[in-house]
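In the numbering used here, the protein residues as written are 858 to 1018.
No residue lacks a Cβ here, since even glycine has one placed at the ideal position from N, Cα and C.
Quantities reported herein were computed from a predicted structural model and do not represent experimental measurements.
For reference, the structure discussed in these notes is given below.
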Amino acid sequence: DLEVRTNWTSKSITTTDNFREQFHRDLNTYYHVLFIISSIERPEEPIGFFYTTQYNPTDGFTFSTLVMTSDKCLNGCGAEAGLLAYRYLFQHYPLRKIYANIYEFNHASIAFARQCGFVEEGLMKAHSFRNGKYYGLYTFALYREKFEEVDRQYFCRYKEK
């Protein structure tokens, strides 16, 4: 998926071979945790990915990114994958908070972040140029205590289904 590959690496489009080479280098140096997301119905077909970077156990934070293919963005798969990934991170690492940077045009992700308990910590105005326009970049943080509350509510609803 060209859109995902472009968003994942850089604004320049690379060949598939160059992408693979860069990805393998990044696995060893850049990513802290990396999950490939697929559906139960078709586990062999990736529909997104989640990763963390800049893991800092001393200060207790990491930065997270969740990307879904465009046809899966609004059907709840990304929300469920994000909740599972955040649960994993808080259970396995000494984190106080998880950051997420979200562009201001991504209204669905901003709504999801707020619904999950992320709090807005900042806005870098006119941060990135895309499609002929500058967009701001929000920084949100999900604190462990708030996530535990949200996770309990979600898990109870999920068990009822």
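- Across the set L884, Q972, P900 and I897, the C-alpha of Q972 shows the shortest separation from the C-alpha of Q1010.
- By the CB criterion at 8 Å, A957 and A970 fall inside the cutoff.
- Runs of the beta strand (DSSP E) spanning 3 or more residues and lying entirely within the stretch 890 to 921 occur at 903 to 913, in chain order.
- For L923, the three-state secondary structure derived from DSSP is strand.
- Residue nearest to L952 within the set A936, E937 and S921 is S921 (criterion: CA-CA distance).
- Where G935 is concerned, the enclosing alpha helix (DSSP H) starts and stops at C934 to H949.
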